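Taking my numbering, the leading residue of the sequence shown gets 125, the next gets one more, and so forth.
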Amino acid sequence: MKKFLLVLGAIALSAALLAIALIASNDQSANQRQVAFGPFYATPAEIPAQPGTLIRSEPLGVSVPGATSYRVLYSSQRPDGSMAVSSGMVFVPTAPAPPGGRPVVAWAHGTVGQGDACAPSRSENPLGDTANWLDQMMQLGWVVTATDYTGLGTQGPNLYLVAQAEVSDVVNAVRAARQIPNINASNRYVVWGHSQGGHSSLWSGHLAPTLAPELNLLGVAAAAPAANLNLIMGAQWDGVIGWGIGPEVALSWPIIKPTLPINGVVTQQGIDNEDSIAQQCTSSNSLLLNLAVRKAFGQNFFTENPSNNPQWKSLGLQQTPSPLPASMPVFVGQSTADQVVLAWPNAVLQNQWCAAGSTISTLWVGEVSHQLTAETIGPDVVRWINDRFAGRPALRTCNLAPPVSAPAGS
């Protein structure tokens with residue numbers, strides 16, 4: 125038995141070493157790719173003073189049927205009013221534009237990590253999350269923009285789950301895309317996002333009309349939106365998800381609220397590791413291994429539910445979108461099996477927004493992971509957006525109660 129255990133241990137060690145070697149090899153290849161991207165993403169000596177100014181563009185180098193794809197760099201604006209640059213992608217149908225120009229869908233991606241390589245336009249898989257809807261949008265003749273968000277792949281901090289920053293990057297991507305020669309994009313657009321991008325999308329319904337009054341926002345759509353932040357963090361703070369999003373929040377929120385306490389709210393292990401974890405991409409094997417080890421050893425990022433701290437609770441409320449007015453149609457899709465953005469906080473959202481009179485249409489699906497929610501509901505979102513561009517009345521589904529409810533005492 126002892127000999128058997130030694131052999132088994134040797135096999136396990138060999139497998140672990142092989143996994144580490146493969147991760148190191150992949151990391152080296154990714155680093156070389158990022159170095160080559162450097163000149164395109166470099167901040168110009170003088171950032172254009174007008175938000176949404178196209179700074180440069182180049183072919184994205186991916187194949188999307190019936191489309192021309194661009195990588196773009198453009199000017200944007202931080203919540204404090206200072207200018208910054210953001211990168212992103214633009215997909216343009218090859219078919220002739222209709223009279224009046226092509227409608228635009230502004231895609232807002234979910235949490236990917238804060239390292240340069242995590243930016244979708246710099247990643248090895250820039251089309252992640254776009255299955256089942258991007259091709260359809262190209263066939264329908266819509267332009268699709270996809271911001272990376274300022275500071276993600278470009279210079280400066282990335283302000284994670286900060287509404288003003290996210291919405292600025294979303295609408296400025298639309299502005300920049302309209303400057304690409306021969307794109308023929310109209311000013312009519314819809315914002316569509318997943319997870320963090322769902323937070324961006326819902327907030328766009330409030331902020332975008334003021335930030336970009338020359339554009340005509342017709343509605344917003346969200347898949348598994350990270351909306352009620354205090355409920356989400358309260359339910360997930362002491363698990364793997366706490367380590368997954370906690371570092372990005374703890375690095376971003378003190379930038380907009382310097383007095384936000386970290387000591388006593390974040391564990392020492394969290395403080396010591398937040399920078400390195402935030403820089404890892406959520407799709408990377410090394411991050412998944414890191415989080416699994418911390419879970420196995422019972423380590424938490426937060427000392428307790430951060431919403432128990434008055435300043436954290438207040439900021440969480442500030443960054444949670446309130447119900448949209450009836451004049452701004454909204455679509456929300458959610459899986460009951462989601463283990464990242466749990467279903468019940470968005471059930472609470474549905475009930476609150478229906479009670480407030482929002483023109484909200486909800487779609488509940490089962491047995492779908494958080495990662496696949498946008499792809500799964502994509503065709504339904506395309507139909508909903510098509511109705512917005514066609515000028516059809518938006519429907520409310522408030523007569524259908526959500527299939528889940530908040531736990532007692534939440």
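Every residue, glycine too, gets a C-beta built ideally from N, C-alpha and C. These figures come from a predicted structure and were not determined experimentally.
Nearest by alpha-carbon distance to glycine 162: which of Gln393, Thr483 and Ser211 is it? Translated into the one-based positions of the sequence shown, residue 162 becomes position 38. That would be Ser211, whose Cα lies nearest to the Cα of glycine 162.
Over the uninterrupted alpha helix (DSSP H) stretch that includes leucine 326, give me the two end residues. Within the sequence shown, the letter at position 202 stands for residue 326. Here the alpha helix (DSSP H) through leucine 326 covers 320-335.
Just curious, the beta strand (DSSP E) that alanine 347 is in, first and last residue? In the sequence shown, the residue the question calls residue 347 occupies position 223. Alanine 347 -> beta strand (DSSP E) spans 340-347.
Contact the region 480-499 vs the region 364-371: 3+ CB pairs below 8 Å: no
For arginine 195, count neighbouring Cβ atoms within 10 angstroms of its own Cβ and tell me buried if that reaches 16, exposed if not. Numbered from 1 along the sequence shown, position 71 holds the residue referred to as residue 195. Buried.
How many whole angstroms separate the CB atoms of phenylalanine 425 and glycine 366, which I take to be in contact at a CB cut-off of 8 Å? Position 301 of the sequence shown, counted from the start, is the residue given in the question as residue 425. Position 242 of the sequence shown, counted from the start, is the residue given in the question as residue 366. Going by Cβ atoms, the distance from phenylalanine 425 to glycine 366 rounds to 4 Å, so yes, they are a contact pair.
Three-state class that DSSP yields for methionine 452 in the structure shown: To locate residue 452, count along the sequence shown from 1; it is residue 328. Correct three-state label for methionine 452: coil.
Could you tell me which of Ser325, Val214 and Pro281 sits nearest to proline 305, measuring between CA atoms? Within the sequence shown, the letter at position 181 stands for residue 305. Just measuring C-alpha positions, the residue of Ser325, Val214 and Pro281 sitting nearest proline 305 is Val214.
Between glycine 440 and the rest of its own chain, which residues show a CB-CB distance below 8 Å, the 5 nearest in sequence each way excluded? Translated into positions along the sequence shown, residue 440 becomes position 316. If we look at glycine 440 and ignore the five residues flanking it on each side, its Cβ neighbours are Leu353, Asn354, Met357, Pro430 and Ser431.
Quick check on the burial criterion: 16 or more other C-beta atoms within 10 angstroms. Buried or exposed for glutamine 238? Counting from one through the sequence shown, the residue named residue 238 turns up at place 114. Burial call: buried.
Length of the line joining the Cα atoms of leucine 411 and glutamine 404: For the purposes of this step, residue 411 is identified with residue 287 of the sequence shown, where counting begins at 1. For the purposes of this step, residue 404 is identified with residue 280 of the sequence shown, where counting begins at 1. Answer to the nearest angstrom: the Cα atoms are 6 Å apart.
Could you check which residue in Trp468, Ala514, Thr383 and Lys419 has the C-alpha nearest to that of glutamine 435? The residue you call residue 435 lines up with position 311 of the sequence shown. Relative to the Cα of glutamine 435, the nearest Cα in the group Trp468, Ala514, Thr383 and Lys419 belongs to Thr383.
Hey, tyrosine 165 and threonine 334 are a contact pair by Cβ (cut 8 Å); roughly how many whole angstroms apart? As a working mapping, residue 165 is identified with position 41 in the sequence shown. As a working mapping, residue 334 is identified with position 210 in the sequence shown. Going by Cβ atoms, the distance from tyrosine 165 to threonine 334 rounds to 29 Å, so no, they are not a contact pair.
Just grab the DSSP bridge partners of methionine 121 for me. This structure leaves residue 121 out entirely; the chain is present only between 125 and 534.
Reduced DSSP category for glutamine 74 - H, G, I as helix; E, B as strand; rest coil: This structure cannot settle anything about residue 74, because the visible part of the chain is limited to 125 through 534.
Is it right to say asparagine 387 is buried, meaning 16 or more other beta carbons lie within 10 angstroms of its own, or is it exposed? Along the sequence shown, one-based indexing puts residue 387 at 263. Exposed is the call here.
Using CA coordinates, which residue listed in Pro517, Val229 and Gly515 is at the minimum distance from glycine 265? Residue 265 sits at position 141 when you count from the first residue of the sequence shown. Measuring from the Cα of glycine 265, the nearest candidate turns out to be Val229.
For glutamine 360 and glycine 457, the rounded distance between their alpha carbons: Sequence index remark: in the sequence shown, residue 457 carries index 333 (1-based). Sequence index remark: in the sequence shown, residue 360 carries index 236 (1-based). Near 20 Å, if we compare the C-alpha coordinates of glutamine 360 and glycine 457.
Is the region 457-469 touching the region 499-518, taking contact as three or more C-beta pairs under 8 Å? yes
Endpoints, the beta strand (DSSP E) within which valine 528 is located: Translated into positions along the sequence shown, residue 528 becomes position 404. Run containing valine 528: none; DSSP gives neither H nor E here.
Give me the residue from Gln443, Leu339 and Glu248 with the minimum Cα distance to leucine 285. Stepping through the sequence shown from its first residue, residue 285 is reached at position 161. For leucine 285, the nearest C-alpha among the options comes from Gln443.
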